[in-house]
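At position 92 of the sequence shown (counting the first as 1) the number is 92 in the numbering used here, and the numbers step up by one without a gap.
Backbone N, C-alpha and C fix where the C-beta goes; we use that ideal spot for every residue, glycine too.
Here's the structure we're looking at; comments come further down.
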Amino acid sequence: MVRLKARVSSEEDGAGQLSADPGNEGMSRQQAADFLVPQWVEIEQQAEGFLLIHMYVRPVPFIHTWHATLDEAKAEARADFNIGEDEWEAVPAEACRE
C-alpha cells in the first residue's frame, strides 16, 4: 500500500483557496490561510485509486479528492498547494495498519 505525506505552506500563493480575497468579516489573508489551508496532505492508495487527503490540526469537515493514479494525485497537490515531487515522504508501514 502506498501512503505519502507532504507539509503545506499556508504562505504559498499556489493554494487555490487563497487566490482571491477571503472576504471573511475582516479576516486577514494570513488568518484565512491558517483557517483554509491544511497543515499537510496525504496520498493513500485505495483498491481502485488514490485519495489526496487534506489533514488539519483543528476539527473541520473531512476533505479529500479521488484520483485514478498516483501521478494524478500528486499533480492535484502541486496545483492546489505547490507541493513538489521532492517534498513527499513515505509514511512508515506500521502507521498504515488498519
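Residue ranges of uninterrupted beta strand (DSSP E) with 3 or more members, entirely inside the segment 45 to 87 and ordered along the chain, are 49 to 55, 63 to 67. Inter-residue distance for T65 and Q45 is about 12 Å (C-alpha atoms, whole angstroms). Burial is judged here by how many other beta carbons sit within 10 angstroms of a residue's own beta carbon; E42 has at least 16 and is buried. DSSP links A6 through a beta bridge to V41. Contact between F81 and H67 does not hold, since their C-beta atoms are separated by about 14 Å, which reaches or exceeds 8 Å. Within the DSSP secondary-structure output, A90 pairs in a beta bridge with L4.
Under the 10 Å beta carbon count, P38 is surrounded by 16 or more other beta carbons and is classified as buried.
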